[in-house]
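Numbering (my numbering), first residue to last: 1030 to 1473.
Think of the CB as a built atom: it goes at the ideal place given N, C-alpha and C, for glycine as much as any other residue.
Since the model is a prediction, treat every value here as computed from it, not as a measurement.
This report concerns only the one structure given below.
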Amino acid sequence: MIVAPTRGGKAVSGAVPRLLDHPGSAVVLDVKGGELALITARYRQDVLGQNVVMIDPYDAVSSRLGVDPVRLNPVRSIDLDGDEAFDEAMLLSDAMTIGERGGEAFWTDEAATLIAGLSLFQVQTGGTLHDLRADLNRDREGFDALLEEMQASPYELVRSAAARMMNKAEKERSGVISTAQRNTHFLESAKLSASLSASDFNLQDLGRNTTLYIVLPVRRLHSARRWLRLLIALLIHAIANLPERPEPPVLFLLEEMAALERLGIVERSFGLMAGLGLQMLAVVQDFSQLRDLYGERWQTFIANAASVQCFGTNDSFTARYLSELSGQTTVERLTYESAEIRASLLGDPDYRGAGDAVHARPLIRPEELMALHPATQFIKLAAAHPVVAFRPAYFLDARYRNARGMPLFDIHPDHEHRALPAPVNFERAGARLGEMLDMYLRVG
């Protein structure tokens, strides 16, 4: 897990180094205009030998990189003849439906069930989620005709979905349809809908040296969050059901994970990822985001993380939690005293006293965490003591340069005008390392 505030260097010191290092397949949620793809896509293709594909509905970076974006039709992932057809449909509908905080779960749950039933009907008819949205937008007579058509289906699951809606009272039925419509508004976007209209990409390829970037402009992050949730749920499910467990595991990088709202399959994956062939890397701004979304279960992410990498910490909740997580240490306190009265009582005018005592204190205090130099990071490792170390900076690292010192990664367009710094061997940089990192990583 990577924890750092906005513009704190989560890509420079966290996400990009991981993508340049990870030799296996990867799924990358790239929601800041494709900055991760711009820097790492060609490196993963040319240096690591990966097949690079992108879902990029707004063409944020694919044209610039010369990559043809792919589409993915989630409905095609459902096997209507299989024993898990309903579960697969509910996986997709649960991802699309987000309950209003503090609201009643009934309407959200019923809307998810309706969307699942309509998804099964789209499988039968060869439709898409765009067709599902059109069905939800039908008037009363049109929707009644749809339910009658579903009742004539040869598939029991489709007939049952129609029967559930036909048996509802008018007020309840109207509320369920309205909630389903609210959670599928994103399908009105021509670009998002087009990206889900067909499948140009075989999900089985995720187990065969493939890197998939899911790219969005920052301005579309909120309006397209259900689209993101849908793809993430589909991809995690696909990786977990690969015929053979990938080795190394598939890196699943969730940039700005909190923007997705609470997503059950992500929460479950953190606890089971070792057995699913997954290596989840969540990127958040602080622990408060996780607590607000996942309630008492937010600590599941920390408990199952092999490492928690933090830098630039500036909120007290995150600092306090990391301090408590790090445990206690002991310090020895030495005292010296000289007292005239006490010396006279002892009959020794030259009396001097000395003592020592051992006291417990936090291994690192919250205020010490918040005061760490911008060029340093705090890393909490599973089953090991925490570490304070220098932050990595991919653009300085000699491992990502060729013999002439030129970068093997692409330089982000925003930085093309800057002079290329000399490569650094981080294992031999010695005392100058702090000075160099301070120059390039100082926040602000």
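Item to check | Cβ shell of Arg1254 (< 7 angstroms), same chain only, five flanking positions each side left out | outcome: Numbered from its first residue, the sequence shown carries residue 1254 at position 225. Counting only Cβ-Cβ distances below 7 angstroms, and skipping sequence neighbours, we find Ala1288, Leu1289 and Glu1290.
Checklist entry - Are the CB atoms of His1266 and Ser1222 nearer to each other than 8 angstroms? => result Here residue 1266 refers to the residue found at position 237 when the sequence shown is read from its first residue. Here residue 1222 refers to the residue found at position 193 when the sequence shown is read from its first residue. Their beta carbons are not under 8 angstroms apart, which means His1266 does not touch Ser1222 by this criterion.
Item to check | Strand pairing of Thr1347, partner residues [DSSP] | outcome: The count along the sequence shown starts at 1 and reaches residue 1347 at position 318. Paired residue(s): none; Thr1347 is not in a bridge.
Checklist entry - How is the beta strand (DSSP E) around Lys1409 delimited, first residue to last? => result The sequence position of residue 1409 within the sequence shown is 380, counting from 1. For Lys1409, the enclosing beta strand (DSSP E) begins and ends at Thr1405 to Leu1410.
Checklist entry - Any idea which residues DSSP pairs Pro1436 with across the strands? => result Indexing the sequence shown from 1 puts residue 1436 at position 407. Answer is Arg1430.
Item to check | Bounding residues of the beta strand (DSSP E) (the contiguous stretch that carries Ser1336) | outcome: For the purposes of this step, residue 1336 is taken as residue 307 along the sequence shown, with counting starting at 1. That run of the beta strand (DSSP E) goes Ser1336 to Cys1339.
Checklist entry - How many Å lie between Leu1363 and Asp1385 at the Cα? => result Here residue 1363 corresponds to residue number 334 of the sequence shown, with the count starting at 1. Here residue 1385 corresponds to residue number 356 of the sequence shown, with the count starting at 1. Taking the straight line from one Cα to the other gives about 4 angstroms.
Item to check | Nonlocal neighbours in the same chain, by C-beta distance under 6 angstroms from Thr1208, ignoring five residues either side | outcome: Position 179 of the sequence shown, counted from the start, is the residue given in the question as residue 1208. Contacts found: Trp1136 and Ala1140.
Checklist entry - DSSP beta-bridge partners for Tyr1242? => result Translated into the one-based positions of the sequence shown, residue 1242 becomes position 213. Paired residue(s): Val1057 and Met1083.
Next on the checklist: Check this for me: beta carbons of Phe1407 and Phe1340, under 8 angstroms apart or not?
Outcome noted: Numbered from its first residue, the sequence shown carries residue 1407 at position 378. Numbered from its first residue, the sequence shown carries residue 1340 at position 311. Here Phe1407 is near Phe1340, since their CB atoms are less than 8 angstroms apart.
Checklist entry - Quick one: any contact between the stretch 1185 to 1203 and the stretch 1066 to 1082, if contact means 3 or more CB pairs under 8 angstroms? => result no
Checklist entry - Below 8 angstroms between beta carbons: does that hold for Gly1236 and Ser1054? => result By one-based count along the sequence shown, residue 1236 stands at place 207. By one-based count along the sequence shown, residue 1054 stands at place 25. Cβ atoms of Gly1236 and Ser1054: closer than 8 angstroms.
Checklist entry - Which word fits Asp1059, buried or exposed, when buried means at least 16 other C-beta atoms lie within 10 angstroms of its C-beta? => result The residue labelled residue 1059 in the question sits at position 30 within the sequence shown. The residue is buried, with at least 16 neighbouring Cβ atoms inside 10 Å.
Next on the checklist: Can you tell me whether Ala1418 is helix, strand or coil according to DSSP?
Outcome noted: Position 389 of the sequence shown, counted from the start, is the residue given in the question as residue 1418. DSSP, reduced to helix, strand and coil, places Ala1418 within a strand of the structure shown.
Item to check | Limits of the alpha helix (DSSP H) - the one that Val1205 falls within | outcome: Position 176 of the sequence shown, counted from the start, is the residue given in the question as residue 1205. Secondary structure note for Val1205: its alpha helix (DSSP H) is the uninterrupted segment Glu1199 to Arg1211.
Next on the checklist: So, does the stretch 1070 to 1088 touch the stretch 1199 to 1216, judging by three or more C-beta pairs under 8 angstroms?
Outcome noted: no
Next on the checklist: Using only the alpha-carbon positions, how far apart do Asn1102 and Asn1431 sit?
Outcome noted: Translated into the one-based positions of the sequence shown, residue 1102 becomes position 73. Translated into the one-based positions of the sequence shown, residue 1431 becomes position 402. Cα-Cα distance, rounded: 40 angstroms.
Next on the checklist: If you reduce the DSSP assignment to three classes, tell me which class Thr1358 lands in.
Outcome noted: What you label residue 1358 is simply residue 329 of the sequence shown in a count that begins at 1. Note: Thr1358 maps to strand in three-state DSSP.
Next on the checklist: Measuring straight from C-alpha to C-alpha, what distance separates Phe1115 and Ala1262?
Outcome noted: Here residue 1115 corresponds to residue number 86 of the sequence shown, with the count starting at 1. Here residue 1262 corresponds to residue number 233 of the sequence shown, with the count starting at 1. Cα-Cα distance, rounded: 15 angstroms.
Checklist entry - Is Asn1238 near the ligand ATP, going by C-beta to nearest heavy atom under 7 angstroms? => result Summarising the ligand content, the structure contains no ligands, and the ligand ATP is consequently not present.
Next on the checklist: So, for Pro1395: in the same chain, excluding its five sequence neighbours on each side, which residues have a beta-carbon less than 8 angstroms away from its beta-carbon?
Outcome noted: Numbered from 1 along the sequence shown, position 366 holds the residue referred to as residue 1395. If we look at Pro1395 and ignore the five residues flanking it on each side, its Cβ neighbours are Ser1345, Ala1348, Arg1349, Leu1351 and Ser1352.
Checklist entry - Is there at least one Cβ from chain D nearer than 8 angstroms to Pro1103's Cβ? => result Annotation note: the requested chain D is absent from the structure, which comprises a single protein chain.
Checklist entry - Along the chain, where does the alpha helix (DSSP H) that runs through Phe1115 open and close? => result Numbered from its first residue, the sequence shown carries residue 1115 at position 86. Where Phe1115 is concerned, the enclosing alpha helix (DSSP H) stretches over Ala1114 to Met1125.
Checklist entry - How about the stretch 1411 to 1428 and the stretch 1040 to 1056: do they share at least three Cβ pairs that are nearer than 8 angstroms? => result With a cut-off of 8 angstroms on Cβ pairs, the stretch 1411 to 1428 is in contact with the stretch 1040 to 1056, counting three or more such pairs.
Checklist entry - Would DSSP call Asn1393 helix, strand or coil? => result Mapped onto the sequence shown, residue 1393 falls at position 364. The amino acid at residue 1393 is misidentified as Asn; the sequence shows Ile. Reduced to three states, the DSSP call for Ile1393 is coil.
Item to check | N- and C-terminal bounds of the alpha helix (DSSP H) containing Val980 | outcome: Past the edges of the chain, shown from 1030 to 1473, lies residue 980, and the structure says nothing about it.
Checklist entry - Would DSSP call Met1179 helix, strand or coil? => result Here residue 1179 refers to the residue found at position 150 of the sequence shown. It is helical.
Next on the checklist: List, from N- to C-terminal side, the alpha helix (DSSP H) runs of 4 residues or more that fit wholly inside the stretch 1288 to 1317.
Outcome noted: 1293 to 1305
Item to check | Lys1220 classed as buried or exposed, judged by whether at least 16 other C-beta atoms fall within 10 angstroms | outcome: As a working note, residue 1220 is residue 191 in the sequence shown. By the neighbour-count rule (16 or more Cβ atoms within 10 Å), Lys1220 is not buried but exposed.
Next on the checklist: I'd like to check one pair, Ala1089 with Leu1245: are the Cβ atoms closer than 8 angstroms?
Outcome noted: In the sequence shown, counting from the first residue as 1, residue 1245 sits at position 216. In the sequence shown, counting from the first residue as 1, residue 1089 sits at position 60. Going by C-beta atoms, Leu1245 is nearer than 8 angstroms to Ala1089.
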